[in-house]
Structures are given as structure tokens and as C-alpha cells.
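With our numbering, the residue at position 69 of the sequence shown is 69, and numbering never jumps. Built from N, CA and C at the ideal position, the CB exists for glycine as well. In this text the structure is predicted, and so the values were computed from the model without any measurement. A short worksheet on the structure shown next.
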Amino acid sequence: AGSYLADNRVWGNGDNYNFAAGNQLNLWLSQVPESIDWPAKVVLAGSLTCSVGTSNGITVAANDVTIDLNGHTLSGPGSGSGHGIYQASGWRQLRVVNGKIVNWRASAKAGIKAEGPGASIEAVQVASNSNGVVVGDAGRILNCSADDNLESGLYAVSGGLISDSTARKNGQYGIVL
1 AGSYLADNRV WGNGDNYNFA AGNQLNLWLS QVPESIDWPA KVVLAGSLTC
51 SVGTSNGITV AANDVTIDLN GHTLSGPGSG SGHGIYQASG WRQLRVVNGK
101 IVNWRASAKA GIKAEGPGAS IEAVQVASNS NGVVVGDAGR ILNCSADDNL
151 ESGLYAVSGG LISDSTARKN GQYGIVL
């Protein structure tokens, strides 16, 4: 506990991190799929493509995680995919900013699915996914665009906010509250 890991690039290992609770993680993400299991600030080192079918690109299994796409694209494998970024309902406060998420097209999957409360998705483009962005209770979608998704573009549940965003050419609904 009390250690800090910052600005390293790690890839090609059986598991890229084994990190004890009570430490802080700041990492450059260089490959997907990856699971983030601790509070962290994650920055994409470049555009990343997940070629592993049915896998999520990034699975968040922790509270208080920020993912900065850093202007890059997180691409999925198409119809056999998982979610681009996924956080289950048992976790809270996911923040995703600044980039593009495309081609996560398996039925009922999403470019970003943040089921936990308090998610904030800002300045993200989601295109050609099954669903664009889905956020849980008190989730916020700000300054985002959802284009050409097979199902819904932007979706927020109880206490949600969608502001300054666009949704066009989505197969079902543009915006769902």
C-alpha cells in the first residue's frame, strides 16, 4: 500500500498488472482486451483494435476509474464482440473522455456500457456499434455523438443527464431517458 505506478507501457504478458489495494495506478494502455481492477487513470497510447471475439475491449472492475481515449479510437471486432468499455453495476464513477469507439456490434452490446452509478461520458464519438453509450443511475453523457449504431445511440436511466450531444442514423432510438 502507498505505492504509485505511473507512465509505464506494459503489453504482451499473461496478465499485464498485479496491483495490491491501497496503491495508485496511472497507466498508458497499449493493448486490449484489458481489465482495470483498481482505481486508476488510464490513457490510450494510440488507437487500439480488439480482435478477440466476445471479449470486452476494456473491462472496468473498480470504482473511480478515468479512461482518457487521448483522441484515439477503440475498435471492436464487429458482430462477435463484447462491449468496447464495460463497467458492471457493482462499481461506480467511471469517466470516459476524448475519443472514438467503433465496431462493437454484437446484439445488445455497446460502445460504452457503464451500469454503475455516477458515470460520466464526455466528448466521445460512438459509431457503428450495436448501442452507442448506455449509462446507469445518475449517469451523464456530455458533448457526445452517436452515429449509425444498430440499436440506440445515447441511453441514460434514472437521474441521468444527456446534454450538448447529437444522435443520428441510429437503428432504433437516437436518445433514450
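Where does A21 sit, in a helix, a strand or coil, going by DSSP? Coil, per DSSP.
Quick check on S35: does DSSP put it in helix, strand or coil? The answer is strand: DSSP assigns S35 an E or B state.
From Q172 to N26, what does the alpha carbon distance come to, in whole angstroms? CA-to-CA, the gap between Q172 and N26 works out to about 38 angstroms.
Taking Cβ to Cβ, would you say T59 is nearer than 8 angstroms to S81? Contact check for T59 against S81 fails: the beta carbons are separated by 8 angstroms or more.
Using the C-alpha atoms, what's the distance from T66 back to V134? Straight across, the Cα-Cα distance linking V134 with T66 is about 16 angstroms.
Here's the rule I'm using: 16 or more other beta-carbon atoms within 10 Å means buried, otherwise exposed. How should W38 be labelled? W38 counts as buried, since no fewer than 16 other beta carbons sit within 10 angstroms of its beta carbon.
Among G14, G160, A20, A108, the one whose alpha carbon lies nearest that of N149: Out of G14, G160, A20, A108, A108 has the C-alpha closest to the C-alpha of N149.
What is the residue span of the beta strand (DSSP E) that P77 lies within? For P77, the uninterrupted beta strand (DSSP E) run begins and ends at 73-78, by DSSP.
Going by alpha carbons, who is nearest to V52 out of S120, N98, H83, K100? Measuring from the Cα of V52, the nearest candidate turns out to be H83.
Using a Cβ-Cβ cut-off of 6 angstroms (strictly less than) and excluding sequence neighbours within five positions of R168, which residues of its own chain qualify? Cβ neighbours of R168 within its own chain (closer than 6 angstroms, five residues either side excluded): D147.
What's the gap between the Cα of S163 and the Cα of N170? About 18 angstroms.
To the nearest angstrom, report how far apart R140 and G71 are at their CA atoms. In a straight line, the C-alpha of R140 is about 20 angstroms away from that of G71.
Can you list, in chain order, the residues of its chain whose CB lies under 6 angstroms from that of S128, leaving out five sequence neighbours each side? Result list for S128: V102, N103, D148, in chain order.
Residue from A61, V97, G57 whose Cα sits closest to the Cα of G78: Residue G57 is the option with its Cα nearest to G78.
Between N23 and Q87, what straight-line distance do the alpha-carbon atoms span, to the nearest angstrom? The alpha-carbon atoms of N23 and Q87 are separated by roughly 20 angstroms.
Per DSSP, cross-strand counterpart(s) of A167: Partner residues in the beta bridge of A167, as assigned by DSSP, are A146.
Shortest alpha-carbon distance to T166 belongs to which of F19, L44, R9, I175? T166 has its Cα closest to that of I175, out of F19, L44, R9, I175.
Pull up the distance between the alpha-carbon of G160 and that of G116, whole angstroms please. Roughly 12 angstroms separates the two Cα atoms.
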